[in-house]
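Take a look at the structure set out below.
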Amino acid sequence: MDDQPIILDVTTTEDQNDGSSFEGLALRDAILIANADPSNQYQINLPAGTYNLTIQNTLQPSTDSSADSNTLFNSRLATGDLDVIGNIVIVGEDPANTIINAGGDPDTGNVGDGTDPFPTPDPGQDDADADTPGAILGDRVFDVLQANSPAGNEDAGVLVLQKVTIQGGISSGDNIDTIAQGGGLNIETGAQAIIIDSIVRDNNSSDNAGGIYNQGSLTIYGSAIIDNLADAAAPDIIEGGGGGVLNESGADLTIINSTISGNRSASNTGPDDVDDDGLPIGPGDGGGGVLS
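Converting from the sequence shown to this note's numbering requires adding 3 to each position, the first position being numbered 1.
Structure follows, in structure tokens:
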């Protein structure tokens, strides 16, 4: 591994996945380049802007029998959420103006039309906007993967987020290619994420871990985890634990000088158990902020 990171400067806010700088270097392109070279650390510089994730994963391992496992995994790397199997540092200008958005409405915390926190993605929507519900990715924002994936990576992914906002992610068993936990970020066993001077907000999970689900190593420093929702969305299942962060048994969690606020852990126990925005307010497993 080189002592200094390899620098990639993102030049477009468009969501592209050709893995090159053709028609501008997109955030997803830069991550694909770094994933292909996991022995080196890459620093991806994001100028101020809203980076709307709009490329949906149409091949789902649980439902698609038309492709082999390698094809499915390569589709997963290039579409849907931003999967990390390399060693990646993403540096924004400021979390107030450098936003990675998976399709939610930052003003309400809702997605879609503002009444259903887990809508079916509409492939016809491809013009997400930071201030209004736009394209719905139907997925979380980041997935930091464990070692020995179908891509053949020997080491687990490492992701450092600095001076960015992560918002609008959705994790649901119906619309993602992994577990229905971790609306904003999912950190698999052995993987590592470090969040510095950043914001994780307005993400939703149909199970546990509205903001972040950690099975590996997670450090949060000088950041804010706010207004995320863990919602079991089933009257007979009292789940919805860890509205902000769910740290699994055996995982490592360190939080320093950070704000955990406005997160909710809830189960929708009936049609009347919703707030004015249509989001559930029923009981959950607990840990509205952090469950560990």
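From the three backbone atoms N, C-alpha and C, an ideal C-beta is built for every residue, glycine too.
The residue among Lys166, Val144, Leu221, Asp200 with its C-alpha nearest the C-alpha of asparagine 206 is Val144.
By the 16-neighbour rule on beta-carbons within 10 angstroms, alanine 99 is exposed. When secondary structure is reduced to three states using DSSP, leucine 35 falls in the helix class. With a 10 Å radius around the Cβ and a threshold of 16 neighbouring Cβ atoms, glycine 172 comes out buried. Ranked by Cα distance from alanine 51, the first of Val13, Ala196, Val92, Thr82 is Val13.
In the three-state reduction of the DSSP assignment, alanine 81 falls in the helix class.
If you draw a straight line from the Cα of isoleucine 215 to the Cα of isoleucine 228, it is about 9 Å long.
With a beta-carbon spacing of about 6 Å, aspartate 18 and alanine 29 fall inside the 8 Å limit used to define contacts. Of the candidates Ile190, Ala233, Gly247, Ile197, the residue whose Cα lies closest to the Cα of glycine 253 is Ile190. If you check the CB distance, glycine 95 and threonine 57 do not come in under 9 Å. Counting the other Cβ atoms within 10 Å of the Cβ of serine 220 gives 16 or more, which makes it buried. Setting aside the 5 residues that flank it on each side, aspartate 97 is surrounded in the same chain by Ala51, Lys166, each with a C-beta closer than 8 Å to its C-beta; the list follows chain order. According to DSSP, residue pairing for arginine 204 in a beta bridge involves Gln170, Ile229.
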